[in-house]
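Engineer: Let me give you the structure first, and then I'll get to my questions.
Protein chains: 2
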Amino acid sequence: MTPTELRVLDATKSCCARWGIAKVTIDDIAAEAGVSRATLYRMFPGGKDVLFDALRVHELEEFFTGLSAHIEGTHELEELLVRTVVYATTELRADEHLAVMLASEPGDTLSNLTVQGLPRIIRMASLFLSGKVEPYLDRAHAQRLVELLARLVISYFLAPSEHVDLGDEASARAFITTHVLPTFAPPAVPY
Amino acid sequence: MTPTELRVLDATKSCCARWGIAKVTIDDIAAEAGVSRATLYRMFPGGKDVLFDALRVHELEEFFTGLSAHIEGTHELEELLVRTVVYATTELRADEHLAVMLASEPGDTLSNLTVQGLPRIIRMASLFLSGKVEPYLDRAHAQRLVELLARLVISYFLAPSEHVDLGDEASARAFITTHVLPTFAPPAVPY
DNA sequence: TGACGGTGAGACGAATAGTGTCTTATCGTC
DNA sequence: GACGATAAGACACTATTCGTCTCACCGTCA
């Protein structure tokens with residue numbers, strides 16, 4: 009990821025926030041990034057689609073990198089899961105860009121969080137988190153658990169519940185110990 | 009001003025706020041207003057330019073109507089001027105639409121407040137306010153005073169001063185009694 | 001020095017979107 | 001039933017955007 013590529017992705021993000029996906033043009037982004045159109049096409053051959061895809065991947069990577077750092081040094085499965093969902097929920101709620109997009113283009117944005125985008129999100133979550141969970145569960149269960157958490161976090165973010173607030177540590181802990189951990193029958197200690 | 013015309017102007021305003029003047033299309037506005045393109049062209053023949061012009065005129069009218077109501081029943085020139093500049097400054101600062109436009113398209117927006125638009129603003133101010141000032145000054149002086157106030161309010165709005173805050177009554181009063189009223193040598197009582 | 005990769009500027013044709021005008025059909029009102 | 005106002009959308013025209021291309025420029029490194 010060269011500095012120029014980063015500038016382009018940043019420009020893409022802020023142009024989207026200002027005008028919405030439907031109204032941005034490649035020229036807008038190139039101008040915002042202070043880069044020529046030729047350079048942009050050279051970096052992201054395929055135009056808007058590829059560019060937006062790259063942006064989504066990049067944001068997911070950033071997100072999970074932050075998450076990884078945040079759960080560093082956790083030595084208990086419950087604690088790991090609680091921190092994960094609280095962090096993820098908090099970050100989602102604090103993401104201004106996401107909020108703007110949800111407000112101005114709910115269709116596309118929701119699609120990227122559900123039908124279209126969820127598989128990718130789960131893949132990325134698996135990639136970043138399965139390793140953290142595997143000290144406590146075998147690989148197959150670890151991946152299922154990570155997938156389940158990803159689905160739950162997104163669902164509760166998109167449609168908050170009266171009963172559960174995954175942004176709140178106590179609530180998240182209660183939810184996880186009641187509805188998540190038991191079904192994965194974790195051994196009492198890491199193996 | 010029919011209800012449909014009002015809907016169209018409202019739609020124009022909110023589309024502008026969302027996408028900026030450069031990105032809105034006639035179709036966007038028609039869709040937002042729930043009106044067909046044909047209707048829109050019938051009401052505002054000339055397209056975008058005419059439409060935006062009509063919007064500006066309409067907003068100015070609303071503004072000065074509010075201002076007129078706000079200074080109703082004032083029986084002293086100083087009081088009249090103070091209320092006027094404070095109200096005008098407050099409204100300008102509170103105008104979200106204006107703030108968005110200033111942020112996203114400073115060029116066009118500034119032009120509408122200065123080189124392009126100021127003459128119109130002064131004309132409207134004259135139309136609405138000269139009558140209010142004429143009990144205290146002859147017509148020629150009344151118009152000059154209104155023009156001066158309009159210029160000052162806009163200037164201090166666009167580029168706030170450390171020394172004067174026309175949104176603050178005390179500061180506005182001090183400014184007016186010191187720098188405005190004396191040069192118009194008003195008679196002590198209405199004539 | 002000269003080759004080289006990365007870049008900006010901008011030309012180009014094709015595709016797409018937006019404009020402004022029209023016609024037609026459908027309303028509700030008188 | 002005539003009327004005015006409107007929605008829907010066809011139409012030709014224009015402007016914008018796209019994706020690709022070439023060319024000149026600028027550092028870097030051999």
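For the record, the sequence lines run as chains A and D. Quick note: the first sequence uses the numbering used here, first residue 9, plus one each step. Quick note: the second sequence uses the numbering used here, first residue 9, plus one each step. From the three backbone atoms N, C-alpha and C, an ideal C-beta is built for every residue, glycine too. Since this is a predicted model, take the numbers as computed values, not measurements.
Check this for me: beta carbons of L153 of chain A and F192 of chain A, under 7 Å apart or not?
Structural biologist: Yes; because the gap between Cβ atoms is below 7 Å, this pair is in contact.
Engineer: Using DSSP with H/G/I as helix, E/B as strand and the rest coil, what is Q124 of chain D?
Structural biologist: Three-state result, Q124 of chain D: coil.
Engineer: Check whether the Cβ of K140 of chain A lies closer than 7 Å to any Cβ atom in chain D.
Structural biologist: Cβ-Cβ to chain D under 7 Å: no for K140 of chain A.
Engineer: Unbroken alpha helix (DSSP H) runs of length 4 or more, entirely within the region 159–199 of chain D: which are they?
Structural biologist: Those alpha helix (DSSP H) runs which fall completely within the region 159–199 of chain D and span 4+ residues are 177–183.
Engineer: Give, in chain order, every residue of the region 31–55 of chain D whose Cβ lies closer than 8 Å to some Cβ of chain A.
Structural biologist: Within the region 31–55 of chain D, the residues whose Cβ lies closer than 8 Å to some Cβ of chain A are K31, listed in chain order.
Engineer: Taking the beta carbon of S44 of chain A as the centre, do at least 16 other beta carbons fall within 10 Å, making it buried, or is it exposed?
Structural biologist: Exposed is the call here.
Engineer: I'd like to know whether the C-beta atoms of F52 of chain A and L59 of chain A end up nearer to each other than 7 Å.
Structural biologist: Yes, Cβ-Cβ distance for F52 of chain A and L59 of chain A is below 7 Å.
Engineer: Restricting to Cα atoms, I'd like to know which of A:L68, A:E13, A:H66 is closest to A41 of chain A.
Structural biologist: Ranking A:L68, A:E13, A:H66 by Cα distance to A41 of chain A puts A:E13 first.
Engineer: Take the Cβ of S119 of chain D as the centre, count every other Cβ of all protein chains shown within 10 Å, and call the residue buried at 16 or more, exposed below.
Structural biologist: That one is exposed.
Engineer: Quick test of your reading: V108 of chain A and A25 of chain A, contact by CB under 8 Å. State the CB separation rounded to the nearest angstrom.
Structural biologist: Confirmed, Cβ separation roughly 5 Å.
Engineer: So with CB distances below 8 Å, who are the chain A contacts of S112 of chain D?
Structural biologist: In chain order: R26.
Engineer: DSSP state of M9 of chain D, grouped into three classes?
Structural biologist: Of the three classes helix, strand and coil, the one that applies to M9 of chain D here is coil, per DSSP.
Engineer: I believe T92 of chain D touches L137 of chain D by the beta-carbon criterion, under 8 Å. Please report the beta-carbon distance rounded to the nearest angstrom.
Structural biologist: Contact flag correct, Cβ pair sits at about 7 Å.
Engineer: Quick one: measure Cβ to Cβ for S179 of chain A and V172 of chain A, integer angstroms, because I've assumed they're closer than 8 Å.
Structural biologist: Indeed they touch by this definition, with Cβ atoms about 6 Å apart.
Engineer: Whole alpha helix (DSSP H) runs in the region 95–145 of chain A with 4 or more residues, listed along the chain?
Structural biologist: Counting whole runs of 4 or more residues, the region 95–145 of chain A contains the alpha helix (DSSP H) stretches 104–112, 114–121, 126–141.
Engineer: Out of A:L166, A:D35, A:L48, A:L126, state which residue places its alpha-carbon closest to the alpha-carbon of V65 of chain A.
Structural biologist: It is A:L126 whose Cα lies nearest to the Cα of V65 of chain A.
Engineer: Can you give me the Cβ contacts of E99 of chain A inside the same chain, cut-off strictly under 8 Å, excluding the 5 residues immediately before and after it?
Structural biologist: Counting only Cβ-Cβ distances below 8 Å, and skipping sequence neighbours, we find F71, G74, L75.
Engineer: In three-state terms, what does DSSP make of E86 of chain D?
Structural biologist: Note: E86 of chain D maps to helix in three-state DSSP.
Engineer: To the nearest angstrom, report how far apart L89 of chain A and I184 of chain A are at their CA atoms.
Structural biologist: Answer to the nearest angstrom: the Cα atoms are 7 Å apart.
Engineer: With burial defined as no fewer than 16 other Cβ atoms inside 10 Å of the residue's Cβ, what is the status of A133 of chain A: buried or exposed?
Structural biologist: By the neighbour-count rule (16 or more Cβ atoms within 10 Å), A133 of chain A is buried.
Engineer: Using 7 Å as the threshold, is the C-beta distance between I130 of chain D and E155 of chain D below it?
Structural biologist: Result yes, Cβ atoms of I130 of chain D and E155 of chain D sit closer than 7 Å.
Engineer: In angstroms, rounded to a whole number, what distance separates the CA positions of H105 of chain D and T186 of chain D?
Structural biologist: Computed Cα separation, rounded: 33 Å.
Engineer: Exposed or buried, which one is L166 of chain D when buried takes at least 16 other CB atoms within 10 Å?
Structural biologist: Exposed is the call here.
Engineer: What's the C-alpha gap between A102 of chain D and H83 of chain A?
Structural biologist: Cα to Cα, A102 of chain D sits roughly 52 Å from H83 of chain A.
Engineer: Is F52 of chain A helix, strand or coil by DSSP?
Structural biologist: The answer is coil: DSSP assigns F52 of chain A none of H, G, I, E or B.
Engineer: Kindly give me the distance between the Cβ atoms of K31 of chain D and K31 of chain A, rounded to whole angstroms, as I take these residues to be in contact under 8 Å.
Structural biologist: 5 Å between Cβ atoms; contact.
Engineer: I think V16 of chain D touches I29 of chain D, with their Cβ atoms under 8 Å apart; what is that distance to the nearest whole Å?
Structural biologist: Wrong, their Cβ atoms sit about 16 Å apart, outside the cutoff.
Engineer: Looking only at its chain, what residues have a beta carbon closer than 7 Å to the beta carbon of L157 of chain A, apart from the 5 residues adjacent to it on each side?
Structural biologist: Contacts found: L89, T92, V93.
Engineer: Taking the CB atoms as reference points, tell me whether A96 of chain A and V188 of chain A lie closer together than 7 Å.
Structural biologist: Contact flag unset, no.
Engineer: Measure the alpha-carbon distance for T10 of chain A versus G115 of chain D and round it to whole angstroms.
Structural biologist: Going by the C-alpha atoms only, they are around 33 Å apart.
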